[in-house]
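Residue numbers (the numbering used here): 26 to 393.
See below for the structure under consideration.
What follows is the structure in structure tokens.
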């Protein structure tokens, strides 16, 4: 089930360098934007740390990019600047050709004049540019992920069939094993939960679907209650299979879920909040990491040239999976303090590395 985790999210492009006041040591350049002019003439011949105080002089909100003049790669982005408002954006400029690009909410893009910086050879730590991700980039990713989910749902259905048979046969040990198998399959599908709508809550809510069956199985509840619960789960999954065949996943969701899946694992699995008796939170974290891996793999072609820490993120994901697998399916209360601290650190490091992906892959308007 998709839950909102209260974990701080680092934003890579949109917020980095956007401050209330210019940092010490940066030069300040006032930039006016309108539908007639975007940025106007400005000069920063020596580059280095530069703060642009961008004011929207137009009568509607406006997004403003500082971009490369050739190819449109974005160095800084200010979103939704209100009429008359001023936002500061700080970047470190090296040699190159730059321009502002303005995107009013009710009009077409306006491109500012090209400004050349050619005396910044000694500048270090320059702000990297990121090529905008467009709908044309994201739609194939969403379609590929949707096809993967479509392929997983029949597997889930067969696993629940086995659970139904176990309950009918009065075999609680086998039912527990098959419950876990099916639940872990569902827990790999985290980037699709929004598209599942209300059926997500019916299948995997706090005490519905899987978790209701979990509570009944591990408390030794009577067979009639179990039979009704597994029948309800099977019905919900059948509805999902039918419904999902005609639903499109929002292309913007995939990148966001890459880190939210891990955030949810930290907040709701790592502390045992979702445990209804099976003590299978570690196994669930492993399934969540498998789901995050699927989303990251699909996003990799977009990220290779856009995210310098992609290799580190993938390595951290692999390390977290290896650590969780090594801990087995033991309950959280069996972990030593050192094991808990190590697991916490691995997952926090992972979510920090995954967080910028949402901002990098945020759908943007391309000027060219």
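Glycine included, C-beta positions come from ideal geometry on N, C-alpha and C.
The C-alpha of residue 178 is placed about 18 angstroms away from the C-alpha of residue 314.
Apart from the 5 residues on each side of it in sequence, residue 248 sits with its Cβ closer than 8 angstroms to the Cβ of 192, 195 in its chain, given in chain order. Annotated three-state conformation of residue 180 is helix, per DSSP. By the 16-neighbour rule on beta-carbons within 10 angstroms, residue 180 is exposed. In the three-state DSSP reduction, residue 274 falls in the coil class, being neither helix nor strand. Residue 313 sits in a helix when the DSSP states are folded into three classes. In the same chain as residue 103, and ignoring 5 residues on each side of it, the C-beta atoms closer than 6 angstroms to its own belong to 79, 89, 112, 114, in chain order. Annotation: the continuous beta strand (DSSP E) that includes residue 101 extends over 99-106.
Note on geometry: alpha-carbon atoms of residue 354 and residue 305 lie some 6 angstroms from one another. Separation of residue 131 and residue 81 (C-alpha to C-alpha, rounded to the nearest whole angstrom) is 14 angstroms.
Secondary structure at residue 55: strand, using DSSP grouped into helix, strand and coil. The DSSP-derived three-state label of residue 143 is coil. Between residue 261 and residue 234, the CB-CB gap stays under 8 angstroms. At the C-beta level, residue 377 and residue 344 stay beyond 8 angstroms of one another. Secondary structure of residue 90 (DSSP, three-state): strand.
When the beta-carbon positions are compared, residue 212 and residue 302 stay at least 8 angstroms from each other.
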